[in-house]
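Quick note: to get my numbering, add 2 to the position in the sequence shown (first position is 1).
No residue lacks a Cβ here, since even glycine has one placed at the ideal position from N, Cα and C.
Take a look at the structure set out below.
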Amino acid sequence: MYGLRIQHEVGAGSQGKAGVLPGSKTVPLKSVGVDVTIKGFVANVQSTLTYENQKEAAVETVFVFPIDDQSAVYQFEADIDGRHIVAECQDKEQARETYKDALKTGHTAMLLSESDTSGDVFECKLGNLPPHGAATLTFSYVTELTTDSEGIVTFTLPTVLNPRYTPPGFEMSPPSSDAIQYTDIQYQMRFVTKVEGQHLIKAIVPKMDMLKVDFAEDKKSANVTLDDATKFKFDHDLSLTLEYEDVFQPTVILEKGQNSKEGFLKSDVVMMDFLPDLRSVPELTEAEFVFVIDCSGSMRGDRIAKAKETVLLLLKSLPVGCFFNVVAFGSSFKWWFTSSMKYDETSLEEALELQKVLDANLGGTEILQPLESLYAQPLHTATFRQVFLLTDGGVSNTNQVITLARKNADNTRIFTFGIGKGASTSLVRNVAKVTNGLATFVTDKEKLQNKVMTVLNHAMQQPVTNLNLEWNLPPSCTAINIPQQAPVVFKGQKVITYALINGVEHLTEDTQCSVVLKGDIGKENSIHYTLNFDLMTVVKSDDSFPVHRLTAKAQIKDFETSGDDSKKGEITLLSMSANVVSRYTAFVGVDKDKKELVDGGRLVQRKSLRGTPVGHSLPRSARRGRCGAALGSSYSLHQYESSNNLPRRKQSLQNFSDNARKSGYLQPLPKQSIHTRNPEEDVLYGSLAGLRGAGYPSSIEHGRTSGVMTLIDLQKFDGSWVLDRELAGALHSSEDFLKSKLPDNLDTSVWATAVGVACLQKKYASEKTLWELIEKKALAWLSSQNLAGKTVGELVTLARDVLSSTP
């Protein structure tokens with residue numbers, strides 16, 4: 003988290019350092035304070051940042067930060083050189099005009115807005131920061147916490163913002179985040195999280211950083227701080243997990259409105275989280291699976307290694323008889339098959355040969371074109387496609403990708419995976435949302451394979467459609483669901499939903515309520531889940547209106563992803579009423595106390611740099627091939643010079659503007675050299691004909707891979723194993739020993755499969771998520787074979803005993 007230099011492209015005759023405007027200085031960040039309050043499954047985050055202008059002239063600062071797409075930013079204030087400014091929510095265009103007018107007249111002003119292209123990127127501008135003046139920024143947001151199928155609750159403070167790849171033909175003005183460049187200025191940091199509570203806390207565990215955790219005696223609250231804040235590096239998101247004692251118990255929170263407020267904040271709202279019983283939901287009998295794998299340059303190293311291993315797991319775990327295909331994408335894309343193939347021994351072998359040489363060699367991150375190609379292909383089953391999209395990046399045309407996915411949601415469900423630091427939550431969450439899929443985020447330290455396999459289990463589930471919530475309330479009360487359509491549900495997944503409740507103030511004795519979740523499964527089955535509660539005994543929320551903000555944000559996101567442009571007016575009104583920023587609104591504040599010009603003169607007009615993020619210039623081909631290294635920070639500033647310094651830098655600024663107009667926009671160079679190719683030069687797998695049978699390695703790198711993956715790699719497409727030297731080695735036994743224990747009248751492949759299953763159960767029980775579908779397929783195969791008078795269970799038990807006696 004650092005101050006930023008002004009980055010300009012300078013001519014060859016410049017005496018300054020290449021890429022840096024001569025004489026430029028930083029606006030350093032002096033300190034950061036992050037205060038988080040977690041109550042159940044809601045986190046309220048307040049960030050306080052202090053900057054100092056050490057220059058002799060007034061500056062305009064631009065502060066860019068990432069926030070999870072589902073978060074509701076509801077407050078923004080600033081103390082600038084002794085003056086306090088509180089921003090208000092306005093129509094975005096009006097807010098921008100208000101800000102510009104303030105700068106023209108020399109008054110201090112601030113503007114906070116969501117990116118026009120991505121809901122997880124925010125930009126704050128502070129205008130007329132005085133010479134040697136200090137600025138303290140405070141912004142607040144509230145967010146839902148994610149809960150996985152194991153009941154682990156995760157809070158993440160985003161700190162990494164990757165540049166957004168802009169595909170060919172989509173030239174636009176990207177957010178200033180693309181201009182982020184680090185300097186070496188140090189800062190002070192404070193991070194404090196208070197867990198308050200509604201649940202007994204079993205554990206609080208950091209994902210990467212050292213955290214100090216102090217529990218209260220009742221185990222319902224705790225304080226969490228960074229053990230040594232000076233050692234925290236903002237090259238990864240700060241994240242922690244919580245384990246609650248009763249995580250799957252339903253919770254209903256009632257948040258009362260206030261009569262003193264206007265509009266939305268006057269109403270009473272409820273937030274419900276519950277786990278419906280979906281054990282009766284059947285599995286799909288037929289399906290088509292398509293795996294869309296990011297092979298851009300930023301996936302190099304451990305990420306592409308994990309992706310390769312994940313593709314192997316997916317291919318091995320598919321049900322016999324389904325259809326499948328794989329497309330690898332970057333600046334260009336490549337289908338493994340011209341159309342989806344039926345899953346059999348031949349197609350799996352061919353796919354595994356391609357999987358062996360999968361690599362991160364395709365430049366940038368172009369997602370729209372491979373999805374367009376996907377939708378252009380006919381369905382291969384009577385139902386629909388299940389798509390797994392794995393990516394670590396983001397794109398400038400996020401809204402176009404979401405729109406395309408939504409238009410095809412009737413036949414294609416997309417499960418998205420955001421890999422590593424800085425993955426776009428707007429892209430990952432909303433593509434899944436509009437297609438009734440699931441969004442999953444995986445840090446670089448987590449096992450991608452485990453999470454993908456959990457989702458594959460969900461993908462095997464028959465989708466629940468036409469979901470709705472029906473209320474049974476006292477006669478004086480009514481409810482309005484927000485959003486109107488209930489969220490998609492999967493086995494083992496919590497459901498969070500909101501509603502406006504009217505008439506609570508008139509309740510007397512009759513306070514018993516219930517809400518019923520209903521949905522259809524195919525044409526003949528349905529679900530029916532009832533949640534009972536008492537309005538007078540539910541949890542009450544606090545005065546900062548966190549549930550109101552989340553309710554408003556849920557409705558806003560539902561409108562924004564609906565594709566209905568006529569909703570703009572409703573979004574704007576709701577956003578302003580709830581004081582929650584949206585795509586069409588922004589926070590703007592102007593110093594109304596002192597009405598005096600800032601000492602140091604008028605700022606350089608920003609319009610001369612309009613649409614041009616500050617940064618190094620790259621040629622168009624290189625910009626399109628960027629792989630988006632993690633260059634960003636959630637707390638970052640760059641600055642524009644006061645007009646007092648304009649004469650001596652006029653020529654440099656003119657050169658910069660000319661170059662900016664020629665190139666469309668400028669982006670920073672990555673910290674390390676990244677090789678990219680033009681589409682004509684892209685070679686994804688070399689000559690596939692030459693690779694087949696050419697002595698390429700196994701589907702996994704055995705030197706880096708666990709024994710369970712070796713065993714999985716050896717399984718055949720139908721779920722069976724072959725009794726040979728390779729299998730014996732994976733079982734830490736010998737081929738002769740295993741054959742000597744072969745039961746009478748039993749085929750060797752049947753025995754090998756029983757031994758393979760026994761090994762998974764006995765030796766790799768802690769990794770069951772990885773092999774659960776592998777085992778299921780093996781057991782199904784065994785049940786169809788001649789078992790020489792034994793049951794499947796008896797045979798596997800015998801195999802476990804043999805493994806225990808292996809010399």
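Using DSSP with H/G/I as helix, E/B as strand and the rest coil, what is residue i?
i      : result
Val322 : coil
Pro615 : Unreliable placement is indicated for Pro615, whose pLDDT of 28 sits below 50; the coordinate value is still reported in the next sentence. Coil.
Gly299 : helix
Gln56  : coil
Glu257 : strand
Asn401 : helix
Arg585 : coil
Ser516 : strand
Ser722 : coil
Asp275 : strand
Leu35  : Per the sequence presented here, residue 35 reads as Gly, with Leu not at that position. Strand at Gly35.
Pro548 : helix
Ser179 : Bear in mind that a pLDDT of 34 at Ser179, under 50, signals an unreliable position, so the number given afterwards is only what the model happens to contain. Three-state DSSP puts Ser179 in a helix.
Thr2   : Outside the shown range of the chain, which is 3 to 809, sits residue 2, and nothing can be said about it.
Tyr101 : helix
Met455 : helix
Phe739 : helix
Leu789 : coil
Ser341 : coil
Thr499 : strand
Ala556 : helix
Can you tell me where the alpha helix (DSSP H) holding residue i begins and where it ends?
i      : result
Trp773 : 770-785
Asp715 : 709-716
Glu90  : Segment 90-93 is the beta strand (DSSP E) holding Glu90; no alpha helix (DSSP H) there.
Thr393 : Looking at the DSSP string, Thr393 is not in any alpha helix (DSSP H); the run it does join, the beta strand (DSSP E), is 387-393.
Pro372 : 370-377
Leu748 : That residue, Leu748, is in no alpha helix (DSSP H); it is neither H nor E in DSSP.
Lys570 : 570-580
Leu805 : 794-806
What does DSSP give as the partner residues of residue i in its beta bridges?
i      : result
Ile82  : Arg85, Ala137
Lys127 : Val64, Leu113
Phe443 : Gly420
Gly591 : Met112
Gln486 : Answer is none; Gln486 lacks a bridge partner.
Trp473 : Val517
Asn363 : Paired residue(s): none; Asn363 is not in a bridge.
Phe250 : None; Phe250 has no bridge partner.
Lys214 : Thr227
Just tell me which of the options has its CA closest to the CA of residue i.
i      : options                        : result
Ala767 : Asn410, Gly709, Glu125, Lys718 : Gly709
Gln763 : Ser751, Glu777, Thr750, Ala754 : Glu777
Thr253 : Leu240, Asp275, Gln260         : Asp275
Val328 : Thr148, Ala353, Glu347, Ser334 : Ala353
Ala60  : Val44, Phe417, Ile421, Lys106  : Lys106
Tyr143 : Val207, Ala97, Ala218, Ile40   : Ile40
Ser2   : His460, Val155, Gln717, Ala501 : This structure cannot speak to residue 2, because the chain is shown only from 3 to 809.
Asn474 : Val430, Lys435, Leu519, Val466 : Leu519
Gly84  : Thr52, Val123, Leu370          : Thr52
Thr348 : Asp361, Gly365, Leu317         : Leu317
Phe739 : Ser807, Thr771, Lys765, Glu774 : Ser807
Val47  : Thr442, Thr110, Tyr76, Ser342  : Tyr76
Asp715 : Gly199, Val313, Lys449, Ile82  : Val313
Quick check on the DSSP output: the beta strand (DSSP E) that includes residue i runs from which residue to which?
i      : result
Tyr531 : 527-536
Tyr246 : 240-246
Phe335 : 335-337
Lys435 : Counting along the chain, Lys435 falls outside any beta strand (DSSP E), though it belongs to the alpha helix (DSSP H) covering 427-436.
Leu286 : Unbroken run through Leu286: none, as it is neither H nor E.
Thr158 : 154-159
Does any residue of chain B have a CB that is nearer than 8 Å to the CB of residue i?
i      : result
Lys569 : Here chain B cannot be found, since the structure has a single protein chain.
Three Cβ pairs or more, each shorter than 8 Å: is that satisfied between the region 398-405 and the region 299-315?
Proximity of the region 398-405 to the region 299-315 falls short of the contact definition, fewer than three beta-carbon pairs being nearer than 8 Å.
Mind the definition here: the region 98-115 touches the region 583-595 only if three or more C-beta pairs lie below 8 Å; say whether that holds.
These segments touch.
Is it the case that the region 214-232 contacts the region 122-134, given that we only count it when at least three CB pairs across the two stretches are under 8 Å?
Inter-segment contact for the region 122-134 and the region 214-232 is absent: fewer than three beta-carbon pairs are separated by less than 8 Å.
Counting Cβ pairs, one atom from each stretch, are 3 or more of them under 8 Å apart for the region 384-398 and the region 408-416?
In the pairwise beta carbon analysis, the region 384-398 is classified as touching the region 408-416: at least three pairs are separated by under 8 Å.
Three or more C-beta pairs closer than 8 Å, one from the region 720-738 and one from the region 778-793: is that the case here?
Touching, yes, given that three or more Cβ pairs across the two stretches are closer than 8 Å.
Stretch pair the region 206-221 + the region 61-70: three plus CB contacts closer than 8 Å:
The count of Cβ pairs closer than 8 Å, one atom from the region 206-221 and one from the region 61-70, stays below three, leaving the stretches out of contact.
If we count Cβ pairs, one from each stretch, closer than 8 Å, do we get three or more for the region 496-509 versus the region 260-270?
Segments in contact, yes.
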